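Novice: Okay, handing you the structure first.
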Amino acid sequence: MKTLIKRLTVPFLCLFVMNFFLACQNDDGIEPQIEQIEFLESKIISFDEIEKMTQDILEGELAEPEDKSKSFFSRERRVFDFSAIVNTGTGAGNQIEGELRLNYTLYHASFTIVRGYLELPDGTKARTRGAIISDGIVYLIINPPGRDIIFGIGRVKDNGDLEGRFTLFGSGIGRGEWTAELTETTFPNKTIVELIVEDGRFTTLVGALQATDLVEPLSGEGPFTVFAPTDEAFGALDEIPSGDTLKEILLYHVASGRLNTSELLAQELTTTLQGEDVKISLNENNEIIINDKVKLLSANIGGSNGVIQIIDAVLIPPSFQPLPSIVEIAVATPELSTLVEALQAADLVDAL
């Protein structure tokens with residue numbers, strides 16, 4: 047069991063995003079221009095996609111309850127000490143400071159939607175929206191009072207702080223750097239087991255945890271990271287194991303520590319409580335997969351004692367999987383194609 051989680055920063059990928067803005071017309075009547083702004087983006091999803099997506103409330107997104115006191119317990123939150131400085135362009139030398147409050151409102155397999163506001167020193171609140179991508183990249187869109195808008199791209203640091211660069215669109219264009227020092231973290235007051243029970247998609251998993259006496263341990267202090275297969279995932283099995291075998295399989299779905307997807311991707315291999323590793327990577331479509339084939343359905347769902355990663359199949363420990371036959375090894379090895387043809391010609395495939 048790992049007691050120390052190695053945290054690595056995620057390298058940036060440099061892409062170009064086309065952003066439109068209205069340029070001030072001069073006396074010659076110059077039409078609005080299009081400028082190409084260089085941003086550091088995630089290869090999983092672009093800034094432009096998140097900016098468009100978050101303009102409206104998404105289906106399944108957590109809404110502010112009428113009794114706002116309940117929201118403190120029902121959603122994951124972060125509070126940051128935000129500071130930005132315009133280095134070049136319009137407003138060079140100006141600073142933007144305040145308290146940045148972000149609510150985690152939708153957990154997707156590839157990103158988490160965040161909404162909130164930046165409270166400026168005079169008490170003014172600038173509406174804020176964006177996403178934390180599964181590889182640790184952060185997109186923020188901040189709307190200060192007036193016509194200005196800030197497009198920020200950055201990353202989550204190993205201590206939870208944020209840092210990045212921004213472009214300020216207003217009467218002109220300014221560019222600079224920003225930091226957000228994490229000052230407060232609020233997780234739901236429910237354990238990962240309670241969240242799984244209440245969700246409704248994990249009745250088989252809940253029954254399996256009860257049958258193997260794992261409910262109480264996973265309700266403890268932790269923290270734990272749980273890869274949670276849905277009922278459909280269990281339904282795809284020919285049969286559900288029982289006894290010690292079931293317990294070993296369930297422990298293969300649990301790791302020590304509160305591991306979000308950016309940390310899992312950085313580590314690549316994560317040791318489970320069962321003792322064997324799970325592999326976390328991106329496929330050719332930049333989707334997060336576990337052990338090269340199991341897909342992530344929802345990511346980084348925080349509880350009071352850990353985090354849940356929802357998956358579409360049951361993970362089977364490598365030691366539980368049957369060894370390939372001689373024929374299977376030969377078929378998978380191009381250098382042995384002649385041997386395979388000879389076995390087929392001699393009708394010896396079934397015998398081996």
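Going by the working numbering, the first residue of the sequence shown is number 47, and it counts up by one from there. Cβ coordinates follow ideal geometry from the N, Cα and C atoms, glycine included. Everything numeric in this text was worked out from a predicted model, so none of it was measured.
For THR237, which residues in the same chain have their Cβ closer than 7 Å to its Cβ, ignoring the five residues on either side in sequence?
Specialist: Within the sequence shown, the letter at position 191 stands for residue 237. Counting only Cβ-Cβ distances below 7 Å, and skipping sequence neighbours, we find SER265, GLY349, SER350, ASN351.
Novice: Could you check if SER365 is buried or exposed, using at least 16 other CB atoms within 10 Å of its CB as the buried criterion?
Specialist: Reading the sequence shown from its first residue, position 319 is the one you call residue 365. Exposed, because fewer than 16 other Cβ atoms sit within 10 Å of the Cβ of SER365.
Novice: Helix, strand or coil for LEU214? Go by DSSP, reduced to three states.
Specialist: Counting from one through the sequence shown, the residue named residue 214 turns up at place 168. In this structure, LEU214 counts as strand in the three-state DSSP scheme.
Novice: Rounded to whole angstroms, what is the Cα-Cα separation between THR384 and ILE334?
Specialist: Residue numbering aside, residue 384 sits at position 338 when the sequence shown is read from its first letter. Residue numbering aside, residue 334 sits at position 288 when the sequence shown is read from its first letter. Distance between the alpha carbons of THR384 and ILE334: 37 Å.
Novice: Less than 8 Å between the CB atoms is what I'm expecting for ILE96 and ALA177, so what's the real figure, rounded?
Specialist: For the purposes of this step, residue 96 is taken as residue 50 along the sequence shown, with counting starting at 1. For the purposes of this step, residue 177 is taken as residue 131 along the sequence shown, with counting starting at 1. Sure, about 5 Å apart at Cβ, within 8 Å.
Novice: Spell out a yes or no on whether the segment 243 to 256 and the segment 319 to 333 are touching, meaning 3 or more CB-CB pairs, one atom from each, closer than 8 Å.
Specialist: The segment 243 to 256 vs the segment 319 to 333: no contact.
Novice: So what's GLU165 in DSSP terms, helix, strand or just coil?
Specialist: As a working note, residue 165 is residue 119 in the sequence shown. Strand at GLU165.
Novice: Given 7 Å as the limit, tell me if PRO269 has its C-beta closer than that to any heavy atom belonging to the ligand FAD.
Specialist: This structure does not include the ligand FAD; it has no bound ligands of any sort.
Novice: Buried or exposed: PRO167, going by 16 or more other Cβ atoms within 10 Å of its Cβ?
Specialist: Here residue 167 refers to the residue found at position 121 when the sequence shown is read from its first residue. It counts as exposed.
Novice: Is the CB-CB distance between THR174 and ILE188 below 8 Å?
Specialist: As a first step, residue 174 is located in the sequence shown; it is residue number 128 there, counting from the start. As a first step, residue 188 is located in the sequence shown; it is residue number 142 there, counting from the start. Yes, the pair counts as a contact, with Cβ atoms nearer than the cut-off.
Novice: Cutting at 7 Å between CB atoms, please list the residues of its own chain near VAL202, excluding the five before and the five after it.
Specialist: Residue mapping note: residue 202 aligns to position 156 of the sequence shown, counting from 1. Same-chain partners within the cutoff: ILE178, GLY182, VAL184, LEU208, SER308.
Novice: Quick one: what does DSSP say GLY176 is sitting in, helix, strand or coil?
Specialist: Position 130 of the sequence shown, counted from the start, is the residue given in the question as residue 176. Strand at GLY176.
Novice: Given a cut-off of 8 Å, decide if ILE219 and GLY135 are closer than it, judged by their beta-carbon atoms.
Specialist: Mapped onto the sequence shown, residue 135 falls at position 89. Mapped onto the sequence shown, residue 219 falls at position 173. In contact: GLY135 and ILE219 (Cβ atoms closer than 8 Å).
Novice: To the nearest angstrom, how far is the alpha carbon of VAL10 from that of GLU314?
Specialist: Look at the range of the chain in this structure, 47 to 398, and you will see that residue 10 is not part of it.
Novice: Going by the beta-carbon positions, is the gap between PHE273 and LEU361 smaller than 8 Å?
Specialist: For the purposes of this step, residue 273 is taken as the residue at position 227 of the sequence shown. For the purposes of this step, residue 361 is taken as the residue at position 315 of the sequence shown. Yes, Cβ-Cβ distance for PHE273 and LEU361 is below 8 Å.
Novice: Starting from LYS98 and walking both ways along the beta strand (DSSP E), at which residues does that stretch end?
Specialist: In the sequence shown, residue 98 corresponds to position 52, counting from 1. That residue, LYS98, is in no beta strand (DSSP E); its alpha helix (DSSP H) goes 93 to 99.
Novice: To the nearest angstrom, how far is the alpha carbon of LEU228 from that of LEU108?
Specialist: Locating residue 228 in the sequence shown gives position 182, counting from the first residue. Locating residue 108 in the sequence shown gives position 62, counting from the first residue. Cα to Cα, LEU228 sits roughly 22 Å from LEU108.
Novice: Starting from LEU283, trace the beta strand (DSSP E) both ways and give me its first and last residue.
Specialist: In the sequence shown, the residue the question calls residue 283 occupies position 237. That residue, LEU283, is in no beta strand (DSSP E); it is neither H nor E in DSSP.
Novice: Figure out for me which residue from VAL300, TYR163, ILE199 has the closest Cα to the Cα of PRO191.
Specialist: Position 145 of the sequence shown, counted from the start, is the residue given in the question as residue 191. Measuring from the Cα of PRO191, the nearest candidate turns out to be TYR163.
Novice: Might you give, ordered along the chain, the residues of its own chain that have their beta carbon closer than 8 Å to the beta carbon of LEU241, omitting 5 neighbours on each side?
Specialist: Locating residue 241 in the sequence shown gives position 195, counting from the first residue. Cβ within range, chain order: PRO234, ILE347, GLY349, ILE354.
Novice: Could you pull out every residue in the same chain whose Cβ sits closer than 6 Å to the Cβ of GLU230, ignoring the five residues on either side in sequence?
Specialist: Taking the first residue of the sequence shown as 1, we reach residue 230 at position 184. Taken in chain order, the residues that qualify are VAL125.
Novice: If distances are taken between C-alpha atoms only, which option among GLN367, PRO363, ASP358, ALA345 comes closest to SER156?
Specialist: Translated into positions along the sequence shown, residue 156 becomes position 110. It is ALA345 whose Cα lies nearest to the Cα of SER156.
Novice: CA-CA distance, GLY200 and GLY206?
Specialist: For this step, residue 200 is matched to residue 154 along the sequence shown. For this step, residue 206 is matched to residue 160 along the sequence shown. Distance between the alpha carbons of GLY200 and GLY206: 12 Å.
Novice: Return the chain-ordered ranges of every alpha helix (DSSP H) run that is complete within the segment 237 to 317 and spans a minimum of 4 residues.
Specialist: Those alpha helix (DSSP H) runs which fall completely within the segment 237 to 317 and span 4+ residues are 238 to 245, 249 to 257, 261 to 264, 277 to 281, 289 to 297, 307 to 313.
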